[in-house]
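A quick write-up on the structure given underneath.
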Amino acid sequence: QMVAVAAIFRSWFRTDGFINNMLINLFGVAEENVPKWLANSTLSRIPVLLLLVWSSLGYLIIVYMGALQNVPVSLYEAAEIDGANKTQQFRHITIPLVSQTTFYLLIVRMIAVFKVFTSVNVLTWKTSSKGSVSIVQEVYSTAFGDFNFGKGSAQSWVLVGIILIFTFIQFKGQKKWVHY
Numbered sequence: 002q003m004v005a006v007a008a009i010f011r012s013w014f015r016t017d018g019f020i021n022n023m024l025i026n027l028f029g030v031a032e033e034n035v036p037k038w039l040a041n042s043t044l045s046r047i048p049v050l051l052l053l054v055w056s057s058l059g060y061l062i063i064v065y066m067g068a069l070q071n072v073p074v075s076l077y078e079a080a081e082i083d084g085a086n087k088t089q090q091f092r093h094i095t096i097p098l099v100s101q102t103t104f105y106l107l108i109v110r111m112i113a114v115f116k117v118f119t120s121v122n123v124l125t126w127k128t129s130s131k132g133s134v135s136i137v138q139e140v141y142s143t144a145f146g147d148f149n150f151g152k153g154s155a156q157s158w159v160l161v162g163i164i165l166i167f168t169f170i171q172f173k174g175q176k177k178w179v180h181y
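One gets the working numbering by counting positions in the sequence shown from 1 and adding 1 to each.
As structure tokens, then:
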């Protein structure tokens, strides 16, 4: 799935792709001035970020929809009778009751961000862009590109440690804002 999506994004962000054609046709940008999205180390982060947001948005929406449907309507009715406006209902009812889901999604997405490989690899394949290299790509390049398996293994263990530290911090912090 990610290979196909990344290939589509790659075709959109090529120099002669959809995005640059839109810039030329809608805004009158000269062809020689269109950005080289995938070749520029700074600009290549934009397509990567858009790809990652777009590819995870559907899952996040479905999970949040499930969480929102589990919030009892009677709580909103009681709050309305007590004089709470929509903002207060959202702040004091909705946010606390979906905080478990928010915590779950933070953990899952944080781990997924550290595991990004396929989409970035396909999107920036055969370009000189090094600005969009993910941590996993660096580990892969060290271990299998440079054949330095020891260093690649050490890098992967550091990555595991970083993920564990972030997860531990989130679990410690969740006691303050996740309501059970």
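Just so it is clear, CB atoms sit at the ideal spot from N, CA and C, and this is done for glycine as well. Remember, it's a predicted structure, so these values are computed and weren't measured experimentally.
Selected residue, minimal CA-CA separation from residue i, among the options
i	options	result
L42	V161, V134, T143	Note on residue identity: the sequence assigns Ser, not Leu, to residue 42. The candidate whose alpha carbon is nearest that of S42 is V134.
L53	F148, V161, V114	V114
I166	Y60, I9, I108	I108
L44	F28, R15, K116	R15
S154	I136, I47, F19, T168	I136
I9	I82, W55, G29	W55
H93	L24, F104, V179	V179
P195	K176, V161, D17	Nothing about residue 195 can be read from this structure; the chain reaches only from 2 to 181.
Q2	T119, Q156, G162, L76	T119
F169	W13, K116, I112	I112
Three-state class that DSSP yields for residue i in the structure shown
i	result
A8	helix
G162	helix
G18	coil
F169	helix
F148	coil
S135	coil
Q2	coil
P182	The requested residue 182 does not occur in the structure, where the chain is confined to residues 2 to 181.
G29	coil
W126	coil
L69	helix
Buried/exposed call for residue i, threshold 16 Cβ in 10 Å
i	result
L39	buried
T88	exposed
Q70	exposed
N21	buried
V99	buried
Whole-number beta carbon distance between residue j and residue i, since they are thought to touch under 8 Å
i	j	result
V72	L106	Incorrect: roughly 16 Å between the Cβ atoms, too far for contact.
Q138	V121	6 Å
L124	V4	Actually they do not touch by this definition, with Cβ atoms about 10 Å apart.
A80	T102	Actually they are not in contact, since the Cβ atoms of A80 and T102 sit about 20 Å apart, beyond 8 Å.
What are the uninterrupted segments assigned as alpha helix (DSSP H) that are 4 or more residues long and contained completely in the region 80-121, given in chain order? 87-90, 100-115
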